[in-house]
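Participant: Before we start, here is the structure in question, set down as structure tokens.
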Amino acid sequence: MPRLILLGTGMARSSRHAPAGLLVEYGHAHVGLDGGPGSEPPEFSQAWLVRDEHGPYQPLLGRIARECGMPAPVLAPFRHGTLRVEPLPVPHPGGAMHGYRISARHRVCVWAPEFSEPPGWARGADLMFAGGPADGPELEATARAVHRLGVARLVLVRPPPAGRGEPPPFSEWGVEGAVYRM
């Protein structure tokens, strides 16, 4: 069963938290998803997959990869044994954006830290890492929409808003450095 390590929970320009990133470990395979300065995948990763190859941070991520001797960050699928990491489109007001469907045997995880509404292809996932609105009713609506898709566990890939301890129903706050299992 893959180990999923949350490398960061911040938004792109956060001064307090590293950008949202995930490391997928399965056997000898190590795949980084998104991230950035302070949350880049380790140097020994076989792939660094991103949701948007044309995003504003792509040149910086490319430089980090070159300096560390890692593969260049790309929007692409990855396969290793029974591990499958597939990019799929997500609804996003800014245009083309993707998430990743991670599967190994009969387990499924979704990485979609940025979307305008939860993607239908997340239906029935064992685990979903998702972003969402800053707070309030919209964040709760996102958690409820993911729950209606039958996702078993929702981890919010964003820091809790100031003054809010409890996550919305059907969800939990992601913790940088925490290890999750599908």
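Just so you know, we're using the numbering used here here: the sequence shown kicks off at 428 and counts up by one.
Where is the CB? At the ideal position from N, CA and C, for every residue including glycine.
#1: With DSSP as the reference, please indicate the residues paired to Pro446 in a beta bridge.
#2: Find the nearest neighbour of Gln473 within the set Ala589, Glu480, Arg528 and Ala503, judged by alpha-carbon distance.
#3: Can you tell me whether DSSP reads His533 as helix, strand or coil?
#4: Can you tell me the Cα-Cα spacing of Pro500 and Phe597, whole angstroms?
#5: Taking the alpha helix (DSSP H) that Gly489 falls in, what are its first and last residues?
#6: Is Gly459 near Gly435, with beta carbons less than 8 Å apart?
#7: In the DSSP assignment, what residue or residues form a beta bridge with Asp461?
#8: To test your reading of the DSSP string, which unbroken alpha helix (DSSP H) runs of 4 or more residues are found completely within the region 523-608?
Facilitator: Judging by the given coordinates:
#1: Gly437
#2: Ala503
#3: coil
#4: 32 Å
#5: Gln485 to Cys495
#6: no
#7: Gly448
#8: 564-575
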